[in-house]
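Below is one structure, written out as structure tokens; comments come after it.
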Amino acid sequence: MLGTFTLRLVAPINVNNKLAGYIELGMDINNIVQRIKNTLEVEPYVLIEKSLLNQQDWESGMNMLGYKSDWNMLPKYVINNASIENIPECIIQIFSMNKFRKQEIYLNQSSKDNRFNIGYFPLFDASGKKVGIMVISDLYTHRIIDDIKTFSLAVVISLIIVLLILWFFYKVLSRIDARLSDQNIFLENTVKERTADLQKTKNELVSQHLLLEKTNEELVSFTYIVSHDLRAPLVNLTGFSKELNDSIIDMKSIIDESIKNNLISEKDIERLNYIMSQDIPESLNFITTSTIKINNMMEALLKLSRIGKTELIKEFLDVNEIVQFNIDLFAHQIETFDIKVTVGKLHRIYADRLSIEQIIGNLIDNAIKYRDSKRPLTLKISSNQNETETIFYFEDNGIGIDEDKTEKIFEVFHRIENRNVQGEGLGLANLKALVAKHGGHIWCESVKGVGSTFIFTIKGISTRALPLTRKEARPLDPLTLY
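77 is the number of the first residue of the sequence shown in the working numbering; add one for each residue after it.
As structure tokens, then:
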């Protein structure tokens with residue numbers, strides 16, 4: 077007996093459902109051991125109990141397989157699958173100690189500079205009888221050294237790479253720092269220059285503001301003084317005009333008496349009648365009309381100058397209600413001239429009621445005054461709102477305004493057109509002052525012969541001032557009122 081193991085697979089062969097024989101496939105254990113060695117990179121040993129072998133037969137078999145045999149190496153076992161010259165001394169000592177009692181044991185053994193992991197398990201034949209041991213030895217010292225060398229090399233290379241990266245970043249950061257330093261110096265100088273310029277501009281603006289305030293105060297004072305100084309002559313003119321008119325009546329009585337007594341010639345009578353009935357009354361009427369106009373203009377100037385000092389009493393306003401109030405005031409003109417007014421759902425605002433009533437009333441009045449006689453007037457009133465202000469639109473199809481005059485119409489004593497309309501030409505100037513008092517602006521967009529849109533803003537909004545949610549706070553479809 078050689079003491080080798082063979083893995084066998086036996087299957088019956090049947091012919092016509094009768095056993096005709098067997099087919100057997102077998103693989104020597106040495107092939108399996110070699111595969112384990114090649115696959116796992118370990119050294120396997122097969123130990124067979126001597127009691128199951130014949131020494132002479134076993135030694136002959138080992139020589140035939142090419143293995144060097146030594147029957148006396150171990151007291152109880154023989155090794156039959158490897159050259160005994162390659163077995164480390166520490167492993168031979170383990171084999172000689174005969175400690176293979178458990179089914180599976182793991183040991184750690186040292187020999188000089190080498191360390192081994194050793195595992196073993198029993199071998200059984202087909203009948204279940206223990207016949208030997210399979211021992212697997214793993215030399216891991218060189219692996220550890222190789223791993224340490226590899227790891228050390230990797231660490232060194234990594235350190236070199238890290239140092240190179242750090243050096244590169246240092247160079248890059250140095251350049252960036254230098255550029256940033258230059259930029260910082262440049263920015264600091266620029267900021268200093270801009271700050272100086274801004275301070276200079278601020279000082280100039282403060283000076284201009286103070287100058288404007290002083291000029292405005294002087295203008296208001298001048299307006300009051302002029303109004304006061306002119307009021308007395310105007311009163312005198314009005315009074316003397318009345319006296320002249322009374323004197324004319326007295327003179328007419330005297331003339332009539334003289335005519336009865338034939339004291340005046342017919343030619344003189346005709347001349348006197350013309351003077352007394354036409355010439356003098358026309359002159360007196362012109363004087364009276366002019367004094368009234370001058371007085372109205374002074375009142376308008378005083379009113380305009382007072383706007384800056386008037387205290388606003390702000391409250392939450394329903395602008396639709398104010399528009400409706402003004403439409404009711406102009407109901408006669410709207411009906412007479414067949415005017416169509418459409419009003420959207422206007423946004424609520426926080427403002428002075430009297431000021432807003434005056435602004436809206438004046439814009440409606442202007443639209444009626446400067447309507448186009450060739451077509452019925454249509455007036456559309458709407459609003460919009462953003463995060464900072466509320467915007468109102470008054471759009472009409474009136475006579476329109478030349479584009480180069482849309483700014484001049486807000487100047488004092490400027491009229492949209494030389495029409496025979498009442499007023500002193502201060503309406504839009506007043507509106508501009510009232511809107512500015514609310515922190516807003518007013519302007520006009522117009523096309524001559526097509527119509528005009530007057531737009532003004534009121535600064536500031538409040539959630540209480542919204543008729544709808546913010547999502548819905550957009551220009552709305554108009555609601556026809558008339």
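Where is the CB? At the ideal position from N, CA and C, for every residue including glycine.
- Taking 8 Å as the cut-off, the Cβ atoms of Ile477 and Ile485 count as close.
- DSSP assignment within the segment 447-485 yields no whole alpha helix (DSSP H) run of 4 residues or more.
- Of the residues Lys481, His514, Val511, Ala512, the one whose Cα lies closest to the Cα of Lys524 is Lys481.
- The shortest C-alpha to C-alpha distance from Pro357 to any of Gln400, Glu333, Met327, Asn338 is the one to Met327.
- Straight-line spacing of the CA atoms in Glu471 and Asp448 works out to 14 Å.
- Contact between the segment 385-393 and the segment 428-439 is present, with at least three C-beta pairs closer than 8 Å.
- Shown here for Ile398: same chain residues with a beta carbon closer than 7 Å to its own, the five before and five after excluded, namely Ile432, Glu433, Ile436 in chain order.
- Ranked by Cα distance from Lys456, the options Gly195, Asn473, Leu287 are led by Asn473.
- In the DSSP assignment, Thr115 falls within the alpha helix (DSSP H) that extends over 105-116.
- Ile105 and Gly97 do not touch by the CB rule: their CB atoms are close to 26 Å apart, not below 8 Å.
- If you draw a 10 Å sphere on the C-beta of Ile403, you find 16 or more other C-beta atoms in it, and that means buried.
- The distance from the Cβ of Ile155 to that of Leu128 is about 14 Å, inconsistent with a contact at the 8 Å cut-off.
- Residue pairing by DSSP places Thr271 opposite no residue, since no beta bridge is assigned to it.
- For Gly527, the closest C-alpha among the options Thr277, Lys445, Ile340 is that of Lys445.
- Less than 8 Å divides the Cβ of Tyr153 from the Cβ of Glu125.
- When rounded, the separation of the alpha-carbon atoms in Ala254 and Phe262 is 12 Å.
- In the DSSP secondary-structure assignment, Ala230 is not bridged to any residue.
- Exposure of Met140 is indicated by the presence of fewer than 16 other C-beta atoms within 10 angstroms of its C-beta.
- Taking Val86 as the centre and dropping the five residues before and after it, the same chain places the C-beta of Tyr98, Glu100 closer than 7 Å to its C-beta, in chain order.
- A straight-line Cα-Cα distance of about 50 Å links Asp146 and Ile233.
- In the three-state reduction of the DSSP assignment, Pro198 falls in the strand class.
- Closest in C-alpha terms to Ser522, from the list Ile167, Leu507, Ala443, comes Ala443.
- Taking 8 Å as the cut-off, the beta carbon of Ala505 is found closer than this to the beta carbon of Val488.
- A direct Cα-Cα distance of roughly 12 Å separates Ser283 from Gln275.
- In the DSSP assignment, Tyr426 falls within the unbroken beta strand (DSSP E) covering 425-428.
- With 16 or more other Cβ atoms from the protein chains shown falling within 10 Å of its own Cβ, Tyr196 counts as buried.
- Linking Thr364 to His408 through their CA atoms gives a straight-line distance of about 30 Å.
- Each residue's CA atom was taken as its position, placing Leu453 and Asp414 some 7 Å apart.
- By the criterion of a C-beta distance shorter than 6 Å, Phe530 is surrounded in its chain by Leu439, Phe470, Cys520, once the five residues flanking it on both sides are discounted.
- Contact between Ile537 and Gln461 holds, with the beta-carbon distance rounding to 6 Å and staying under 8 Å.
- For the options Asn338, Asn321, Asp273, the alpha carbon positioned closest to that of Ile351 is the one of Asn321.
- Per DSSP, reduced to three states, the secondary structure at Thr314 is helical.
- Phe401: member of the alpha helix (DSSP H) spanning 395-405, first to last residue.
- Ile170 sits away from Met149, with the two beta carbons spaced by 8 Å or more.
- When DSSP states are grouped into helix, strand and coil, Val91 belongs to the strand group.
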